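Take a look at the structure below.
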Amino acid sequence: MTFLNAHAELLITLVKIALLLFIVLTVNAYLTWFERKVVARMQSRWGPHRVGPYGLLQPAADGLKFLFKEDPTPEGVDRVVYYLAPLLALALALTSLAVIPFGPEPLRFFGHDIYLSITPPDLNIGLLVLFAITALSVYGVALAGWSSNSKYPLLGGLRSSAQMVSYELALTLSVVGVLLMANSFNLKDIIVAQAQHPERGIFGWNIWPQIIGFLCFFTAAVAETNRVPFDLPEAESELVAGFHTEYASFKFAMFFIAEYTSMITVSCLCTIMFFGGWLSPFPASWTFTHYLPSAILIPFGLWLIWAGIRYETIFGRIILPGLGTVIALLGLTLAVFPGVNSFIQAPFWFLAKVFVFLFVYVWMRGTLPRFRYDQLMSFGWKVLLPVSIVNVVITSFIILLRSGWK
Amino acid sequence: MTPQLILFIVLAALSVVGALSLILQKHPIHSALSLIVVMVALAGLYLLMGAEFVAAVQIIVYGGAIMVLFVFVIMLLNAGAEEYTNFSKLAGFAGVPLGIALTGFIAAAIARSAGTAQVSGSAAVLAPTRTISEMIFKDFVYPFELTSFLILVAIMGAIVLAAHKEE
Amino acid sequence: MVPVNYYVILSAVLFGLGVIAFVVKRNIISIFMSIELMLNAVNLAFVAFSQGMGKLDGQVFVLFVIVVAAAEAAVGLGIIILIARNRQSLNVERVDLLKL
Amino acid sequence: MTAHPILDSLWIIPLLPLLGSATNGLFGKNWPNATVNTVAVGSTGLSFLAALEAVREFFQLPADQIPFVKAFFTWIEAGKFRAGFDLQIDQLTVVMLLVVTGVGWLIHIYSTGYMAHEGGYYRFFSYLNLFMFFMLILVLAANYVLLFVGWEGVGLSSYLLIGFYFLKKSASDAGKKAFIVNRIGDFGFMLGMFLLFRTFGTLDFQTLFHNVAQQGWHREPWGVFGTMTIACLLLFMGATGKSAQLPLYVWLPDAMEGPTPVSALIHAATMVTAGVYVVARSHVLFSLSETALAVVAVVGCATAFFAATIGLVQTDIKRVLAYSTVSQLGYMFLACGVGAFSAGIFHLMTHAFFKALLFLAAGSVIHAMGGEQDMRRMGGLSGKIKYTYGTMLIATLAIAGIPPLAGFFSKDAILLGAFKMEGGHPLYAVGLLTALLTSFYMFRLIFLTFHGKARYDEHHVHVHESPWSMLGPLAALAALSVIGGWVAAPALWGGTDFFAKFLAPIFGSGEGAEALSEMAARNLEWTLAGVAIASALIGLVLAWWMYLVRPDQPGKLAKSLRPAYKTLLNKYWVDELYAAAVVKPLLWISRQVLWQGVDVGIIDGTVNGIAHGTAGVGDGVRYAQSGNTRSYAVWVVIGAIVILSIIFFWPGSHATMGMVR
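Chains as they are written, first to last, in our numbering: chain A, 1468 to 1873; chain B, 5 to 171; chain C, 4 to 103; chain D, 3 to 663.
Here it is, written out as structure tokens:
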């Protein structure tokens, strides 16, 4: 017990890390499921529905498949780098989540404040850390492409490193506007700065003054994460599978997870910097909106029970109603206990916004065609960069005016 | 053995090892990777000293831009492992002891100096990021503008150099 | 708390290693990288001193050094690409005409 | 606004022509003639106007402000030596200024007509403006150094203009000749300046003369070669060079190779009078040395006679004028020599008028004859080119000394001065004889050119009058030649000797004011004037008889005294003499000693030796420059270590690189 008290901080942090990892990995898995489903709907298909009810167990199956597939190492690869690359990619992607704050006030637990982020909330350079990690995440792809000792991966690696370096500029610059408005690198401060006028609600967020910045940022971020329409490093139509052509089974899975994790990170960033993080879109005075979570969860749970009973497979008839019950009960709890209710607000809104962004990602994947490489480059250098610079100039000018030329 | 000291020793060892492997590795990519290790370790040291902004910039610019450029060029030129030529051995023979001697000199100079000052590790006290920005835009504004001009020139130079000649 | 001298000695060592690397390496890119290593060593010393004196000038200077290093890398790598194009070699031993 | 804006910015007067010169010289190449005219004539005209304004303001100056000196900036300063860009204006300057700008302007206008069909139009005017600039500097300078700048400058532009047709061998040779001969004179001039500086520690006119007066420098009697005498003689050496006096006159006749306006402006009106100007300017010094004055007088007198004799037989119209110029300059020096400075300056002015007129008219004749310069192929032109004839006749009467034209008064004043000076009668006699000769060869020129029957091929040469741009200046100068003399008309002729009075503050009213009773003076002047007129008329009649009445006479005469004729025709073989005495030895020395010995042997030897040595050293050192970057790095490291160890092991050094608390 003394040991616990002595190193409580350390332990708590470790626990938080473990928890976050579990959650994120699960979310990643089901993100794939979600993506496949949505894209299928867009293409009016069913998507996965064999494994488990509504294909809910598909991710698990995929995971097993990755684990048990043969893992060949091609001839003449540079072994160290070849093994290092996926590790690097995954590690960096996961690390970037560490600085994300999911909620403002701590959880009181045995006399310890447990903040909803791994790093302490007063981390002054949260954003810088994020950018640093993003900057480093080039190496995963580039090295993978180089070490595979094969031409398609090499090309993929070259492309990705060029692309990432180019778009990183726009990425960083487009945020400067937000930083100027919050004048801090601290993510928490950035969110708080958007709540200066609680009665305004959604209209106090940065998205309105920084719309240009947001567009630049989101575009650049999509490019940074090598997603459609900027997924040239892994353009299957020209480069087989791009930088991870030579990677199989779990090493491939690492890249996969890294990509989806960075998607999540970017969504979190957008939420924090432009969409007021955990802030509720409604004016603070509307307390009844606090029941919104339950108002969503309970009906959803009930629908799930109802639909589950009528599901064709036995397994589904057992699983789905149970799941529905859990969700409904959860909603009920939120409605009943005001303390829990008020605590859950912030994470709820945060996750909701993140979910929206993830949906946008999938949406784009389903709809947009891929850029051509020269288009990509010229777009990054000739459109994105200048626009974001202009944005910075305008913002700072306005701020200067506001402050009365001090 | 305060935790800072432990951290310092670890990071210092990391950086030195990285530098050594930069020398010993035959392949440029490996050298580049070891250099990246050194840089990250140095960033850690900066953090340890409370210079968090410098640390971030170190990683973003050095790690994220410059070294990426190096790796990119190495990949582009498909540079192979180094080859030995006669003169290089001689330079090595001359250079290694000389470098060691240089290091010894500097180290000795520091040893002679009466420096026992402690680095204040508390970042929050200094809040450097803000102060640094103020210094840059107030005291060092002319050097700052000069560097911007330098970058402009460098960009043009790089374009001129690397641009393909129109036949 | 760590004495400043530790940092400075470390930077000296790194600098020396950089020098050795410069002399020993044959690949132009590696040599260039050893220059970067030396720059980093110097930066370390700068930050250490600035922290030790409680003044931030050192850190500001480090920022300038980094900027200059970036510019240098841009131009230098351009030159290296040219050399590689014209000489089909990255070995400094083969590039001793002091011109392209 | 000050009371005298132009005086406060005197530099404007020389600057304008310089600007014109620069403009034409730099951009004029492809400009149409009209533009070049506008620039050149405009700039000189403007500076003429400025000069007039300056003079007007000068007359309004209170007496204590004369001479008006204005220092614009310090040019050279070394120890106690100071040469500033200081301009000065006093009575003497006023005269010179008006002459230079006025005549210069007229001649510019004339040139626009004369040079219309020549190549290198812009070049010509650029040079001409340049000359104006330097001449004005010379005239306005307030110290010998600046004056010397103008001095050399006019030499340069004269060289450029004589060699204007540089494709003609004779022209370029003449240019070189003028330049080199002038160098000899300048050498003396510089020595004189050095001596003056060494003696008086300054070269500013006012301070210098003031010092002289202060130190109560006693007048050096005849035969004493004191500092002053030597200095004056050296200065005079320069003057002889510039003003073509014995023995350095040889360049002037050849200088006629240049375009006629140049001969008129530079080699008659202005530049060649610079010597006279200098002597007059430093009259304070000269009047302190009898020897110098005597030398000046004798040289001037001799030159006058000598040149006149040569002029008798010349057949090239311009050469006749050239020799007459030389002899007239001799007159001026004679005047200075006998102390009649104002008379000399007066003659300078009048001479500028009628000699310029003569040259321009001659140019007009040549223009009319289509480039023909030999009088033996002219004749009977009077009817064809009336204006030219009229103006030239006026000028001839003036130079011959027929009253009441300008030349008469000035020459009369000079002769009077010569006569009054004790021991000056021989000079007077020679001067008188020269006057006779002058009128003779001038009328010879007139008769040969304009009267008698035409001796040219009517079919090929169709004579035509010149354009108004040429005749206008002729008319103006003719008018000046007529009335120009009256400013100095002595009381004798009902005038008030204004000119001498005007210059009196400079030269003092001393000259001519010997102790002669008013009546005696009157009689004397009457007689002298009468004699002068008589001589002039004799010359006229003689020429008329020989060249119109009995055109066969000259030939006979030439035969009868063949050697004398030959001698005159070959100009006393002076050129040949110089060639044998100076040029050949010089050539030999420079070829054998300087070139073969010094140049090839010593200088080239040294240079090549150094070159070879360097190459050898390079061979040795080359191996350090392997071009291998890393070896260089090693050297750098070694250097660093050396420096460090010096800092380090230096006794008592506490080099520290850590924190020092």
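Quick reminder that beta carbons are idealized off the backbone N, C-alpha and C, glycines included. These numbers were taken from a predicted model, which means no experiment stands behind them.
| What is the DSSP secondary structure of Ser-23 of chain D, reduced to helix, strand or coil? | Taking the first residue of the fourth sequence as position 1, residue 23 of chain D is located at position 21. In the three-state reduction of the DSSP assignment, Ser-23 of chain D falls in the helix class, which pools H, G and I.
| message | Run through chain D and tell me which residues come within less than 8 Å of Gly-99 of chain B, C-beta to C-beta. | response | Counting from one through the second sequence, the residue named residue 99 of chain B turns up at place 95. Chain D residues near Gly-99 of chain B: Arg-632, Ala-635, Val-636, Val-639.
| message | Quick check on Thr-1732 of chain A: buried or exposed, where buried means 16 or more other Cβ atoms within 10 Å of its Cβ? | response | Along the first sequence, one-based indexing puts residue 1732 of chain A at 265. Answer is buried; the Cβ neighbour count reaches 16.
| request: Would you check if the distance between the CB atom of Phe-227 of chain D and the CB atom of Val-297 of chain D is smaller than 8 Å? | output: To locate residue 227 of chain D, count along the fourth sequence from 1; it is residue 225. To locate residue 297 of chain D, count along the fourth sequence from 1; it is residue 295. No, they are not a contact pair.
| message | Can you look up Asn-572 of chain D in the DSSP assignment and give me helix, strand or coil? | response | Taking the first residue of the fourth sequence as position 1, residue 572 of chain D is located at position 570. In the three-state scheme derived from DSSP, where H, G and I count as helix and E and B as strand, Asn-572 of chain D is classed as coil.
| task | Anything in chain D within Cβ reach of Gly-103 of chain B, meaning under 7 Å, just list it in chain order. | result | To locate residue 103 of chain B, count along the second sequence from 1; it is residue 99. Per Cβ cutoff of 7 Å: Val-639.
| field | Through-space distance from Pro-428 of chain D to Asp-88 of chain D, alpha-carbon basis | value | As a working note, residue 88 of chain D is residue 86 in the fourth sequence. As a working note, residue 428 of chain D is residue 426 in the fourth sequence. Between Asp-88 of chain D and Pro-428 of chain D, the alpha-carbon positions lie close to 42 Å from each other.
| Name the chain B residues that come within less than 9 Å of Gln-91 of chain C, Cβ to Cβ? | As a position in the third sequence, residue 91 of chain C is number 88, starting the count at 1. Correct list: empty, because the minimum Cβ distance to chain B is about 10 Å.
| task | Would you mind telling me which residues of chain D sit closer than 9 Å to Leu-106 of chain B, beta carbon to beta carbon, in chain order? | result | Position 102 of the second sequence holds residue 106 of chain B. Near Leu-106 of chain B (Cβ distances below 9 Å), the residues of chain D are Val-639, Ala-642, Ile-643, Leu-646.
| What are the start and end residues of the alpha helix (DSSP H) that includes Trp-1816 of chain A? | Within the first sequence, numbered from 1, the residue matching residue 1816 of chain A stands at position 349. Taken as a continuous stretch (DSSP letters only), the alpha helix (DSSP H) holding Trp-1816 of chain A covers 1805 to 1834.
| task | Decide if Val-129 of chain B is buried, meaning its Cβ has at least 16 other Cβ atoms within 10 Å, or exposed. | result | Taking the second sequence and counting its residues from 1, one reaches residue 129 of chain B at position 125. At Val-129 of chain B the pLDDT is 46, less than 50, meaning the model places this residue with poor confidence; the figure from the coordinates comes in the next sentence. By the neighbour-count definition (other C-beta atoms within 10 Å, threshold 16), Val-129 of chain B is an exposed residue.
| request: Give the secondary structure of Ile-387 of chain D by DSSP, where H, G and I count as helix, E and B as strand, and everything else as coil. | output: Against the fourth sequence, residue 387 of chain D aligns to sequence position 385. Three-state result, Ile-387 of chain D: coil.
| field | Cross-chain neighbours of Phe-74 of chain B in chain C, by beta carbon under 9 Å | value | Mapped onto the second sequence, residue 74 of chain B falls at position 70. Simply Ile-32, Phe-35, Met-36, Glu-39, Ala-76, Leu-80.
| If you run the structure through DSSP and keep just helix, strand and coil, what is Gly-86 of chain D? | Walking along the fourth sequence from the start, residue 86 of chain D turns up at place 84. In this structure, Gly-86 of chain D counts as strand in the three-state DSSP scheme.
| field | C-alpha distance - Glu-120 of chain D paired with Pro-261 of chain D, whole-angstrom precision | value | Locating residue 120 of chain D in the fourth sequence gives position 118, where the first residue counts as 1. Locating residue 261 of chain D in the fourth sequence gives position 259, where the first residue counts as 1. One C-alpha to the other measures close to 10 Å.
| task | Taking Ile-140 of chain B as the query, report the chain C residues whose CB atoms sit under 8 Å from its CB, ordered along the chain. | result | Mapped onto the second sequence, residue 140 of chain B falls at position 136. Those within 8 Å of Ile-140 of chain B in chain C are Val-63, Leu-66.
| message | Going by the DSSP bridge assignment, what does Lys-72 of chain D pair with across the sheet? | response | On the fourth sequence, position 70 is the one that residue 72 of chain D refers to. Beta-bridge pairing links Lys-72 of chain D to D:Leu-89.
| Do Ala-397 of chain D and Phe-442 of chain D have their C-beta atoms within less than 8 Å of each other? | Along the fourth sequence, one-based indexing puts residue 397 of chain D at 395. Along the fourth sequence, one-based indexing puts residue 442 of chain D at 440. Judged by beta-carbon spacing, Phe-442 of chain D lies beyond the 8 Å limit of Ala-397 of chain D, meaning their Cβ atoms are not closer than that value.
| Min CB distance Phe-144 of chain B to chain A below 8 Å | For this step, residue 144 of chain B is matched to residue 140 along the second sequence. So no, Phe-144 of chain B is outside the interface.
| task | Would you mind giving the Cβ-Cβ distance between Met-134 of chain D and Pro-19 of chain D, rounded to the nearest angstrom? I have them listed as a contact below 8 Å. | result | In the fourth sequence, the residue the question calls residue 134 of chain D occupies position 132. In the fourth sequence, the residue the question calls residue 19 of chain D occupies position 17. Correct: roughly 4 Å between the Cβ atoms.
| CB contact below 8 Å: Glu-1713 of chain A versus chain B | To locate residue 1713 of chain A, count along the first sequence from 1; it is residue 246. Proximity of Glu-1713 of chain A to chain B, defined by a Cβ-Cβ separation below 8 Å, is not satisfied.
| By Cβ distance, which residues of its chain are closer than 7 Å to Ala-53 of chain D, with the 5 residues on each side in sequence left out? | Here residue 53 of chain D is taken as the residue at index 51 of the fourth sequence, counted from 1. Answer for Ala-53 of chain D: Ile-15, Leu-99, Leu-100, Thr-103, listed in chain order.
| request: Can you have a look at Gln-627 of chain D and say buried or exposed, based on whether 16 or more other CB atoms are within 10 angstroms of its CB? | output: Taking the first residue of the fourth sequence as position 1, residue 627 of chain D is located at position 625. Exposed is the call here.
| message | So for Ser-284 of chain D, helix, strand or coil by DSSP? | response | In the fourth sequence, counting from the first residue as 1, residue 284 of chain D sits at position 282. Coil, per DSSP.
| Helix, strand or coil for Arg-221 of chain D per DSSP? | On the fourth sequence, residue 221 of chain D is found 219 positions in, with the first residue counted as 1. Arg-221 of chain D: coil per DSSP, three-state reduction.
| message | At the level of alpha carbons, what is the spacing between Tyr-139 of chain C and Trp-1816 of chain A? | response | Within the shown structure, residues of chain C are numbered from 4 to 103, placing residue 139 of chain C beyond reach of any answer.
| message | Short of 6 Å in beta carbon distance, which residues of its chain neighbour Ala-85 of chain B, apart from the five on each side in sequence? Order them along the chain. | response | Within the second sequence, numbered from 1, the residue matching residue 85 of chain B stands at position 81. Counting only Cβ-Cβ distances below 6 Å, and skipping sequence neighbours, we find Lys-30, His-31.
| task | Tell me whether the beta-carbon of Ile-109 of chain D lies closer than 8 Å to the beta-carbon of Glu-55 of chain D. | result | Residue 109 of chain D sits at position 107 when you count from the first residue of the fourth sequence. Residue 55 of chain D sits at position 53 when you count from the first residue of the fourth sequence. Going by C-beta atoms, Ile-109 of chain D is not nearer than 8 Å to Glu-55 of chain D.
| Smallest Cα separation from Ile-540 of chain D: which of D:Gly-115, D:Phe-199, D:Ala-437? | One-based indexing of the fourth sequence puts residue 540 of chain D at position 538. If we check each option's Cα against that of Ile-540 of chain D, D:Ala-437 comes out closest.
| query | When the Cα of Thr-327 of chain D is compared with those of D:Cys-338, D:Gly-341, D:Phe-308, which residue comes out closest? | reply | By one-based count along the fourth sequence, residue 327 of chain D stands at place 325. The candidate whose alpha carbon is nearest that of Thr-327 of chain D is D:Phe-308.
| Going by DSSP, what residues sit across from His-1874 of chain A in a beta bridge? | Only positions 1468 to 1873 of chain A appear in this structure, which leaves residue 1874 of chain A out of reach.
| message | Strictly under 8 Å for the Cβ-Cβ distance: is Ala-1609 of chain A near chain B by that measure? | response | On the first sequence, position 142 is the one that residue 1609 of chain A refers to. Judged by the 8 Å Cβ criterion, Ala-1609 of chain A is in contact with chain B.
| request: Using three-state DSSP, classify Pro-6 of chain C as helix, strand or coil. | output: In the third sequence, the residue the question calls residue 6 of chain C occupies position 3. Residue state, collapsed to three classes: strand.
| said: Are the CB atoms of Met-258 of chain D and Lys-320 of chain D within a distance shorter than 8 Å? | reply: The residue you call residue 320 of chain D lines up with position 318 of the fourth sequence. The residue you call residue 258 of chain D lines up with position 256 of the fourth sequence. Going by C-beta atoms, Lys-320 of chain D is nearer than 8 Å to Met-258 of chain D.
| query | Roughly how many whole angstroms lie between the Cα atoms of Gly-218 of chain D and Gly-203 of chain D? | reply | Against the fourth sequence, residue 218 of chain D aligns to sequence position 216. Against the fourth sequence, residue 203 of chain D aligns to sequence position 201. About 16 Å.
| task | With Arg-1626 of chain A as the anchor, note down where its alpha helix (DSSP H) starts and where it stops. | result | For the purposes of this step, residue 1626 of chain A is taken as residue 159 along the first sequence, with counting starting at 1. Segment 1618 to 1649, the alpha helix (DSSP H) holding Arg-1626 of chain A.
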